[in-house]
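Undergrad: The structure is given below, and queries will be raised subsequently.
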Amino acid sequence: MLPNNPAVLAHFTTFRIGGPARNLVIAQTEDELVGAVQRGDLASTPVLVVSGGSNMLVSDDGFEGTVVVVATQGIEQQTTQGTGIHLRVAAGQPWDQLVEHTIAQGWSGLEMLSGIPGLVGAAPVQNIGAYGAEIASVIHAVRVYDRPAKQIVTLSPDACGFGYRTSLFKQQRDQYVVLSVDLNLAQQQWIGGFGLSQPVAYAELAGHLGVDIGTRVPLTDARQAVLALRRAKGMVFDPADHDTWSAGSFFTNPIVSSAVAATLPEDAPRFAQPDGTVKTSAAWLIDHAGFHKGYALGPAALSSKHVLALTNTGHATAQDILRLARKIRDAVLTTYGIRLEPEPVFVGVSL
């Protein structure tokens, strides 16, 4: 069922921010999705594809063009080779429903990504990740509509340009429309009737579960632990809770040179990367630059549970969110010499 005023984009974003669309299409089939984009391109009309709206900040002026809301659904098990499971999932399938389904089947690979809002089509765009896992590690292929070429193509993982919270699709978001995602999952040995997770690779999660790094746990235990940790940080979207009206983590964790990392205070988190760079914590930088949980600037605020989430307390505009984001970004740059990079896609606005 559509909202009372379906053309208002705030209804389709987890920020609950966004003005009207000139034209709105709800695409429930792949043909409808491709057709709507093709018609917009043929008419030289701007096209915005919305896939869950969980990583998007849209102008209050709305979008002067065609907004295509992805509503295709379907999970198809294509082949099974040994213990491997090959799925093709429609772009409009709700992400966490997919995760729940795979766990119910005893298939591992997505359990650490439980609770992430949005749809399957957005997952490769952002290369979603959490608790030591990334979607790129289980992607077999991504089917896309290539708008300039006017054809459907299938891209291998190597062709997708996956990196930390980025991909070819994010870097060239006006070229490709994700239609479906092919995943390779595993069916681990069963103990006591429970499928086993991938090895726990994240210290916070291991601590919550009471196990050592590298341990496999029942899939349901992994999922419940991840959901508990995400809820404690306000990272599970709840329409009734303004503290979750956000795009999740607003800034990515900075990756800096070893020389820059050496200038940080001794207690600043440091995670060495294979190429010699160092990842540090955006949350630590924000907190130590003076912005604590619940910090508010007008109707925009940091979550009361986690400083990485910028939230709409009920009546915030896109500019309210950006004003707070700029204040945080500039303070971290002044204090630590590190420029925080935003994670959401901006539509009609800029930081």
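First residue of the sequence shown? That's 781 in the working numbering, and the numbers climb one at a time after it.
The beta carbon of each residue, even a glycine, is placed where N, CA and C say it ideally should be.
(1) Please tell me whether residue 900 and residue 869 are closer than 7 Å, where the distance is taken between their beta carbons.
(2) Examine chain C for any beta-carbon lying closer than 7 Å to the beta-carbon of residue 794, and answer yes or no.
(3) Fully enclosed by the stretch 878–937, which alpha helix (DSSP H) runs are 4 residues long or longer?
(4) Less than 8 Å between the CB atoms is what I'm expecting for residue 941 and residue 1016, so what's the real figure, rounded?
(5) Identify whether residue 1059 lies in helix, strand or coil by the three-state DSSP scheme.
(6) Could you check whether the stretch 801–817 touches the stretch 876–885, counting it as contact only if at least three pairs of C-beta atoms, one from each stretch, sit closer than 8 Å?
(7) Taking the DSSP output, what are the residues bridged to residue 846?
(8) I want to know whether the stretch 1062–1076 touches the stretch 1099–1111 - three or more CB-CB distances under 8 Å.
(9) Inspect the beta-carbon positions of residue 1004 and residue 888 and report whether they are closer than 7 Å.
(10) I believe residue 838 touches residue 789 by the beta-carbon criterion, under 8 Å. Please report the beta-carbon distance rounded to the nearest angstrom.
(11) Verify whether the separation of the beta carbon atoms of residue 1048 and residue 1064 is less than 7 Å.
(12) Residue 1116 lies in the alpha helix (DSSP H); which residues open and close that run?
(13) Note down the Cα distance separating residue 1010 from residue 1021, rounded to an integer number of angstroms.
(14) Taking the C-alpha atoms as reference points, what is the distance between residue 914 and residue 805?
(15) As a quick exercise: from 1117, 874 and 959, pick the residue whose alpha carbon is nearest that of residue 1044.
(16) Give me, in chain order, the residues of the same chain whose beta-carbon lies closer than 7 Å to that of residue 1031; leave out the 5 immediate sequence neighbours on both sides.
(17) If we call anything under 7 Å between Cβ atoms a contact, is residue 958 one with residue 924?
(18) In this structure, does DSSP put residue 1068 in helix, strand or coil?
(19) Can you tell which of 1129, 835, 1012 and 1060 has its C-alpha closest to the C-alpha of residue 897?
(20) Cutting at 7 Å between CB atoms, please list the residues of its own chain near residue 982, excluding the five before and the five after it.
(21) Leaving out five residues on either side along the sequence, give the residues of the same chain with a beta carbon under 6 Å from the beta carbon of residue 1094.
(22) Is residue 1096 closer than 7 Å to residue 1076 when the C-beta atoms are compared?
(23) Could you say which of 930, 1129, 844 and 947 lies nearest to residue 919 if we only look at CA atoms?
(24) Please work out which residues of its chain come closer than 6 Å, Cβ to Cβ, to residue 782, disregarding the five sequence neighbours upstream and downstream, and give them in chain order.
(25) What's the gap between the Cα of residue 814 and the Cα of residue 851?
(26) Here's the rule I'm using: 16 or more other beta-carbon atoms within 10 Å means buried, otherwise exposed. How should residue 796 be labelled?
(27) Can you tell me the Cβ-Cβ gap for residue 854 and residue 873, rounded? I've got them flagged as a contact below 8 Å.
(28) Just verifying my parser: in three-state terms, what is the DSSP assignment at residue 834?
(29) With DSSP collapsed to three states, give me the class of residue 866.
(30) Can you list, in chain order, the residues of its chain whose CB lies under 7 Å from that of residue 1129, leaving out five sequence neighbours each side?
(31) Quick check on DSSP: helix, strand or coil for residue 1076?
(32) Assign residue 1002 to one of three DSSP states: helix, strand, or coil.
(33) Can you list, in chain order, the residues of its chain whose CB lies under 6 Å from that of residue 846, leaving out five sequence neighbours each side?
(34) Mind checking which residues open and close the alpha helix (DSSP H) that includes residue 983?
(35) Taking 7 Å as the limit between beta carbons, can you name the residues of its chain near residue 1104, skipping five residues before and five after?
TA: Straight from the coordinates:
(1) Here residue 900 corresponds to residue number 120 of the sequence shown, with the count starting at 1. Here residue 869 corresponds to residue number 89 of the sequence shown, with the count starting at 1. Cβ distance < 7 Å, so residue 900 and residue 869 count as in contact.
(2) Given the protein chain composition of this structure (a single chain), no chain C is represented.
(3) 902–906
(4) Start at 1 with the first residue of the sequence shown, and residue 941 comes out as number 161. Start at 1 with the first residue of the sequence shown, and residue 1016 comes out as number 236. Going by Cβ atoms, the distance from residue 941 to residue 1016 rounds to 29 Å, so no, they are not a contact pair.
(5) As a working mapping, residue 1059 is identified with position 279 in the sequence shown. The answer is strand: DSSP assigns residue 1059 an E or B state.
(6) no
(7) Within the sequence shown, the letter at position 66 stands for residue 846. In DSSP, residue 846 forms a bridge with 803 and 827.
(8) yes
(9) In the sequence shown, the residue the question calls residue 1004 occupies position 224. In the sequence shown, the residue the question calls residue 888 occupies position 108. No, they are not a contact pair.
(10) If you number the sequence shown from 1, residue 838 lands on position 58. If you number the sequence shown from 1, residue 789 lands on position 9. About 5 Å; that satisfies the 8 Å criterion.
(11) For the purposes of this step, residue 1048 is taken as residue 268 along the sequence shown, with counting starting at 1. For the purposes of this step, residue 1064 is taken as residue 284 along the sequence shown, with counting starting at 1. In contact: residue 1048 and residue 1064 (Cβ atoms closer than 7 Å).
(12) Within the sequence shown, residue 1116 is the residue found at index 336, counting from 1. For residue 1116, the enclosing alpha helix (DSSP H) stretches over residues 1098–1116.
(13) Your numbering for residue 1010 matches position 230 in the sequence shown. Your numbering for residue 1021 matches position 241 in the sequence shown. Their backbone Cα atoms lie some 14 Å apart in a straight line.
(14) Looking up residue 914 in the sequence shown gives position 134. Looking up residue 805 in the sequence shown gives position 25. Rounded to whole angstroms, residue 914 to residue 805 spans 31 Å at the Cα level.
(15) Here residue 1044 refers to the residue found at position 264 when the sequence shown is read from its first residue. Comparing Cα positions, the closest option is 1117.
(16) For the purposes of this step, residue 1031 is identified with residue 251 of the sequence shown, where counting begins at 1. Closer than 7 Å at the Cβ level, and outside the excluded window around residue 1031, lie 1062, 1088, 1120, 1121, 1122 and 1123.
(17) Position 178 of the sequence shown, counted from the first residue, corresponds to residue 958. Position 144 of the sequence shown, counted from the first residue, corresponds to residue 924. Yes. Within cutoff.
(18) For the purposes of this step, residue 1068 is taken as the residue at position 288 of the sequence shown. In the structure shown, residue 1068 sits in a helix (DSSP, three-state: H, G or I).
(19) The sequence position of residue 897 within the sequence shown is 117, counting from 1. Selected option, being the one with the closest Cα: 835.
(20) The count along the sequence shown starts at 1 and reaches residue 982 at position 202. Excluding positions up to five away in sequence, the list reads 911 and 912.
(21) Position 314 of the sequence shown, counting from 1, holds the residue named residue 1094. Within the same chain, residue 1094 has close Cβ partners 1022.
(22) Working through the sequence shown from its first residue, we reach residue 1076 at position 296. Working through the sequence shown from its first residue, we reach residue 1096 at position 316. No.
(23) For the purposes of this step, residue 919 is taken as residue 139 along the sequence shown, with counting starting at 1. Of 930, 1129, 844 and 947, the residue nearest in Cα terms is 947.
(24) Taking the first residue of the sequence shown as position 1, residue 782 is located at position 2. Caution is warranted here: a pLDDT of 42 is assigned to residue 782, below 50, making its placement in the model unreliable, and the coordinate value is therefore given only provisionally. Around residue 782: no qualifying Cβ.
(25) Residue numbering aside, residue 814 sits at position 34 when the sequence shown is read from its first letter. Residue numbering aside, residue 851 sits at position 71 when the sequence shown is read from its first letter. Residue 814 and residue 851: Cα-Cα distance of roughly 12 Å.
(26) Within the sequence shown, residue 796 is the residue found at index 16, counting from 1. It is buried - the Cβ of residue 796 has at least 16 other Cβ atoms within 10 Å.
(27) Translated into the one-based positions of the sequence shown, residue 854 becomes position 74. Translated into the one-based positions of the sequence shown, residue 873 becomes position 93. Contact flag correct, Cβ pair sits at about 7 Å.
(28) As a working mapping, residue 834 is identified with position 54 in the sequence shown. Looking at residue 834 - three-state DSSP - the assignment turns out to be coil, as it is neither helix nor strand.
(29) Position 86 of the sequence shown, counted from the first residue, corresponds to residue 866. Secondary structure of residue 866 (DSSP, three-state): strand.
(30) Here residue 1129 refers to the residue found at position 349 when the sequence shown is read from its first residue. So the list reads 837, 839, 1098 and 1102, once near-sequence residues are dropped.
(31) Here the question's residue 1076 lines up with position 296 in the sequence shown. In this structure, residue 1076 counts as strand in the three-state DSSP scheme.
(32) Walking along the sequence shown from the start, residue 1002 turns up at place 222. Three-state DSSP puts residue 1002 in a helix.
(33) Within the sequence shown, the letter at position 66 stands for residue 846. If we look at residue 846 and ignore the five residues flanking it on each side, its Cβ neighbours are 803, 820, 825 and 827.
(34) Indexing the sequence shown from 1 puts residue 983 at position 203. Unbroken alpha helix (DSSP H) run through residue 983: 983–989.
(35) Here the question's residue 1104 lines up with position 324 in the sequence shown. Here the set comprises 1077, 1080 and 1090.
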